[in-house]
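Participant: Heads up: the sequence lines are chains A and B, in that order. So for the first sequence, the working numbering puts the first residue at 1; every next one is plus one. So for the second sequence, the working numbering puts the first residue at 1001; every next one is plus one.
2 protein chains.
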Amino acid sequence: MNQAYKELQPYLERAMAFRTALILIEWDNETLAPVQAVSYTAKMAGAVSAAYQEMITGSELTTRLEACEQEEGLSEMEAAVIREVREEVDDLSCIPPAEYREYKELVSESGRIWAKAKADRDFLAFAPTLKKIIEFEKKFAAYRAKDGQKLYDVMLDHFEKGFHIEQLDQFFNQLKTELVPFLKQISECGTVIADEFLSGEYPEETQKKLASLTAKYLGFDFSKGVMAESAHPFTTALHNHDVRITTHYTDNISSALFSVIHEAGHAIYELGIADKLTLSFVGQGASMGMHESQSRFFENIVGRNDAFWVPLYERLQELFPEQLGNISREEFVAAINKVQPGRIRTEADELTYSLHVLVRYELEKMLIEEDLEVEKLPEIWADKYEEYLGIRPEHDAEGVLQDIHWAQGAFGYFPSYALGSAFGAQMYAHMKKNMDVEELLKKGELIKIREYLREHIHQYGKLRDSRQLIKDMTGEEFNPNYYVQYLKDKFRTLYQLSN
Amino acid sequence: MNQAYKELQPYLERAMAFRTALILIEWDNETLAPVQAVSYTAKMAGAVSAAYQEMITGSELTTRLEACEQEEGLSEMEAAVIREVREEVDDLSCIPPAEYREYKELVSESGRIWAKAKADRDFLAFAPTLKKIIEFEKKFAAYRAKDGQKLYDVMLDHFEKGFHIEQLDQFFNQLKTELVPFLKQISECGTVIADEFLSGEYPEETQKKLASLTAKYLGFDFSKGVMAESAHPFTTALHNHDVRITTHYTDNISSALFSVIHEAGHAIYELGIADKLTLSFVGQGASMGMHESQSRFFENIVGRNDAFWVPLYERLQELFPEQLGNISREEFVAAINKVQPGRIRTEADELTYSLHVLVRYELEKMLIEEDLEVEKLPEIWADKYEEYLGIRPEHDAEGVLQDIHWAQGAFGYFPSYALGSAFGAQMYAHMKKNMDVEELLKKGELIKIREYLREHIHQYGKLRDSRQLIKDMTGEEFNPNYYVQYLKDKFRTLYQLSN
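1) Could you name the residues of the same chain whose beta carbon sits closer than 6 angstroms to that of E263(A), not counting the 5 residues immediately before and after it, in chain order?
2) P1128(B) to I1186(B), Cα distance in whole Å?
3) Is the separation between the beta-carbon of L401(A) and that of A117(A) shorter than 7 angstroms?
4) Look at the Cβ atom of S259(A), then the Cβ atom of E30(A), and state whether they are nearer than 7 angstroms.
5) Rounded to whole angstroms, how far is the Cβ of F1308(B) from the Cβ of L1441(B), which I believe are closer than 8 angstroms?
6) With a Cβ-Cβ cutoff of 7 angstroms, do H1241(B) and A37(A) count as a contact?
7) Identify every residue that forms a DSSP beta bridge with N252(A).
8) According to DSSP, E72(A) sits in a beta bridge with which residue or residues?
9) Helix, strand or coil for G1225(B)? Go by DSSP, reduced to three states.
10) What residues of chain A sit near V1226(B), judged by a beta carbon separation below 8 angstroms?
11) What is the rounded straight-line gap between the Cα of I391(A) and the Cα of A194(A)?
12) Do V1282(B) and G1073(B) have their CB atoms nearer than 7 angstroms?
13) Could you check the C-alpha separation between M16(A) and M1473(B) for me, to the nearest Å?
14) Out of K488(A), R467(A), A50(A), which has the shortest C-alpha to C-alpha gap to F478(A)?
15) Would R1014(B) pass as an interface residue toward chain A - the criterion being a Cβ-Cβ separation below 7 angstroms?
16) Might you give, ordered along the chain, the residues of its own chain that have their beta carbon closer than 6 angstroms to the beta carbon of E1137(B), omitting 5 neighbours on each side?
17) If you compare alpha carbons, which of K1043(B), Y1040(B), A1051(B), Q1323(B) is closest to T1020(B)?
18) What does the alpha-carbon distance come out to for the pair K433(A) and K1224(B)?
19) Output, in chain order, the set of chain B residues within a Cβ distance shorter than 8 angstroms of T214(A).
20) Per the DSSP calculation, R304(A) is bridged to which residue(s)?
21) Which complete alpha helix (DSSP H) runs does the stretch 1095–1132 of chain B hold, if anything under 4 residues is left out?
22) Please decide whether T1020(B) counts as near chain D, where near means a Cβ-Cβ distance under 7 angstroms.
23) I'd like the list of long-range same chain contacts for R360(A), defined as Cβ closer than 7 angstroms, with 5 residues on each side in sequence excluded.
24) Is DSSP giving H239(A) helix, strand or coil here?
25) Kindly list the residues whose CB is nearer than 6 angstroms to the CB of F140(A), restricted to its own chain and excluding five residues on each side of it in sequence; keep chain order.
26) Rounded to the nearest angstrom, how far is the Cβ of F220(A) from that of A267(A), given a contact under 8 angstroms?
27) Note down, in chain order, each residue of its chain lying with its Cβ closer than 6 angstroms to the Cβ of S1416(B), except the 5 sequence neighbours on either side.
28) Buried or exposed: which applies to A1119(B), given that a residue is buried once 16 or more other Cβ atoms fall within 10 Å of its Cβ?
29) What separation, rounded to the nearest whole angstrom, lies between the Cα atoms of K209(A) and G325(A)?
30) Measuring CA to CA, which of Y353(A), K276(A), E364(A) is closest to E76(A)?
31) Just curious, the alpha helix (DSSP H) that R1014(B) is in, first and last residue?
32) For T1247(B), list the residues DSSP reports as bridge partners.
33) In angstroms with no decimal places, state the Cα-to-Cα distance between L1024(B) and L1218(B).
34) Quick one: is the Cβ of L92(A) within less than 6 angstroms of any heavy atom of the ligand GDP?
35) Could you list which residues in chain B have their beta carbon closer than 8 angstroms to that of F222(A), in chain order?
36) Considering only C-alpha positions, which residue in the set Y1482(B), R1492(B), L1497(B) is nearest to Q1174(B)?
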């Protein structure tokens, strides 16, 4: 190990302990903590967060970081860690500590405010909080901006390096141009897919059993992971030996089932990161988009694939004999792929999903770059849903309040969902050249698919960025055509459309 | 607020955030974290713990603490906080960091060695480790000792201020003189109490329902608390708005039931602490003994009281119609109070419980003050059990290896269990002068009992020590006669003995 790098380690270790403690506090807050603890938890999180910031920006760490930056001949990992730490130092040193702490307390509390507003279907109860969050986000982005960078570009960079407004406008325009008319074509083609049987009396206990079995089948390792419940399913990783997923149970069997497959995809990514990266600054997934590529790969390309259900469907029928006993596998697979423009992103079918993201991308851009008034969000939201999906929300809970992201200050995150889907489609096209993916799914050999992804993507953690990983794996630059083509092929077949 | 005190606050806040984060990490570790996370969690906890110590012993905090100590006219709370922080500073700064680290490594390893020795029923496999722990404990107590204090007194002070060997010798001698012959009288009186029905097929799901109902009935506020499962039941409080209890379920209904009532007692204490103390250095229960007084008050004086079951027993029968449908309330209450000298402290009845503690007190004192050879423990343990309880352990696992406390270095902790029971009995005698406790229990008006305890004990947190609290509440000094009298009255009636 490089000597200067070695001397930096104790400070990184301490910083990482604070960061991991914060992740745990947040996990606990979302899944277990009693409601009345909120403001006190926020205070505690604020103090640990301030300690983290001081450690990162303090001269003990930064002088040693500078020493490392003078070094030559660093290993790939050493160089990557130094790059990540430098980014974190720059990110945090440009923000006045008092403001950072105030912000942290705000977003630690805002989740509950959002949840209550959502329960009450009352956006205006959340609007003042959202306004404050946006003000902080813009202020912080202005602190971080380099060479006249646009504020929203600064935010986007945080989640997906190298994907800016320019690239995303192009990407989303392609989706809009190709998919909105394609969706219309499907809606008007006359093919009717039955899916009523997915909703009904699906006992929660049996759903829990299914969730656990499915996670195990996909390769989620319960000796390194935990599954719990929360309002909005999510995955969090303390490190690659402690990865936690949540789900929620409804009267629609596909809701919990596919949220588990989705979160298990995130988890499998984190669990696949090489042990030498554990608790280091490159010991997490490469980016949000890369994370979504894995979760959506498992959810859609794997989980909604007919081949995936070949070895499993009878077992599913045994769990729910009354509900699915008379439904054939073909009917079930058609139902879980049914295109049905809806109001809720997390319940969207694979085709319309990225149109939900498109709405959010356009609104985020307006909020940050065009000073859109927060109070106007519900109406513009509804208008865009009508334009792209042909449907308006009936109230705020199924409109602008449906996602927690903005309540957490995660502006610039949403595009990752669509980018991730596109990354995954490109990986899938590449994998099919090297292995018979459908055949492996039919045989239940998930491990070969998982290992291939681990070898090319997971193990690297944050050592390489998403553009690089895609290029290294597939041999070409990111190309969204694969995604559009994949969707058109799949849904043309399902809906029996001509080319 | 005093100015010097005000300037100290940010440092206390940061320290408290670290301490609370550590409590959360430990809670998570005991109840949820995946098995393979252990060593990484320990690393994280170690780093946060080191940050806590540095904050407590650092000059930023200590110079401001010294300034406060020069101040006059501080409020009761300010003075109490400064007293507590001073103790913590002295505790953490008098031990050379290298020795402390060595000790921490030892006790983090010793739990595993103890557990293996217990599984193997082999005390000698644990003895060398225990010897090392005792050496450290004595060395540390010597560092902390003031004015020629005895080492065991230093340790006792840590758990229960003002209760030293002199007072405890007197206390435990009284228990020995009065209760050992009384127990013999009961064992020989010929009265037989049936309790087989407490064991059997008690479905876990129904037990969980009962646990939740019971906690609520006692006044455990789920909006400020959480109930979970763990190997051994415990209570932990992040602060008075986040108090967490655990239980475990066995085939004996009284096991989970009374562990819930016991832990709810701890929780009600923490939940009753005044809000102005939240997250301060006096925002916890006054002492281990005072804590046990509340948990054992609820468990025994309330929970094993016939009057408590008057409004509840039919509901219990409805939950377990097959198991308890034919058992009268009188039979049930007799069974949960049955005196049965055993080998395991945590399974002891109310009468013999403090005799288990007596054995441990006498042995601790010998280990610390009389240099008793560790190897001789099992034999002396067995002799004392025979003398006081009329029963010898058959192997080390049900003898000297049964408790984890010594493996964790917690010498001086055990007496709190018996002291707490005696505190509770004195409070009970006092309460009965002011209210008809049994009548309140019959009417289900738990709230009046809880409020009375809150008013006189809970709200004060660590503002006052246990001696002071007892004196303020009952109007007299701690007096163990109440405890002895309570036990004799109760069990004379149950076993139909003459006075």
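Don't be surprised by glycine CBs; every beta carbon is placed ideally from N, CA and C. Since the structure is predicted, the reported quantities are computational estimates derived from the model, not experimental observations.
Facilitator: Walking through what the data contain:
1) So the list reads P233, T235, I245, once near-sequence residues are dropped.
2) The alpha-carbon atoms of P1128(B) and I1186(B) are separated by roughly 40 angstroms.
3) Cβ distance < 7 angstroms, so L401(A) and A117(A) count as in contact.
4) Taking the C-beta atoms as reference points, E30(A) is found no nearer than 7 angstroms to S259(A).
5) About 5 angstroms separates the two Cβ atoms, so the contact holds.
6) Closer than 7 angstroms, so yes.
7) Per DSSP, S199(A).
8) Bridge partners of E72(A): none, in fact.
9) Judged by DSSP in its simplified three-state form, G1225(B) adopts strand.
10) Correct list: L32, A33, P34.
11) When rounded, the distance between both Cα atoms is 20 angstroms.
12) Taking 7 angstroms as the Cβ cut-off, V1282(B) and G1073(B) do not qualify as a contacting pair.
13) Between the alpha carbons of M16(A) and M1473(B) lies a gap of roughly 48 angstroms.
14) The candidate whose alpha carbon is nearest that of F478(A) is R467(A).
15) True, the Cβ-Cβ gap to chain A drops below 7 angstroms.
16) Same-chain partners within the cutoff: G1409, F1411.
17) Nearest C-alpha to T1020(B): A1051(B).
18) Approximately 56 angstroms between the Cα atoms of the pair.
19) Annotation: T214(A) has no Cβ neighbours in chain B at a cutoff of 8 angstroms; minimum Cβ distance is about 18 angstroms.
20) Bridge partners of R304(A): none, in fact.
21) If only complete runs of 4 or more residues are kept, the stretch 1095–1132 of chain B shows the alpha helix (DSSP H) at 1097–1119, in order along the chain.
22) Protein chains in the displayed structure are A and B, and chain D is not among them.
23) In its chain, beyond the 5 residues on either side, F414 have a beta carbon closer than 7 angstroms to the beta carbon of R360(A).
24) The three-state reading of DSSP puts H239(A) in strand, counting E and B together.
25) For F140(A), where only same-chain residues beyond five positions count, the Cβ hits under 6 angstroms are I95.
26) Confirmed, about 5 angstroms.
27) These residues qualify, in order along the chain: F1159, E1160, M1288, G1289, E1292.
28) It is exposed - the Cβ of A1119(B) has fewer than 16 other Cβ atoms within 10 Å.
29) Whole-angstrom Cα-Cα distance: 18 angstroms.
30) By alpha-carbon distance to E76(A), the top candidate from Y353(A), K276(A), E364(A) is K276(A).
31) First-last of the alpha helix (DSSP H) with R1014(B): 1003–1031.
32) T1247(B) is bridged to E1229(B).
33) Each residue's CA atom was taken as its position, placing L1024(B) and L1218(B) some 25 angstroms apart.
34) Looking for the ligand GDP in the displayed structure turns up nothing, as the structure carries no ligands at all.
35) Contact of F222(A) with chain B by beta-carbon distance below 8 angstroms involves P1034.
36) The residue with the shortest Cα to Cα distance from Q1174(B) is Y1482(B).
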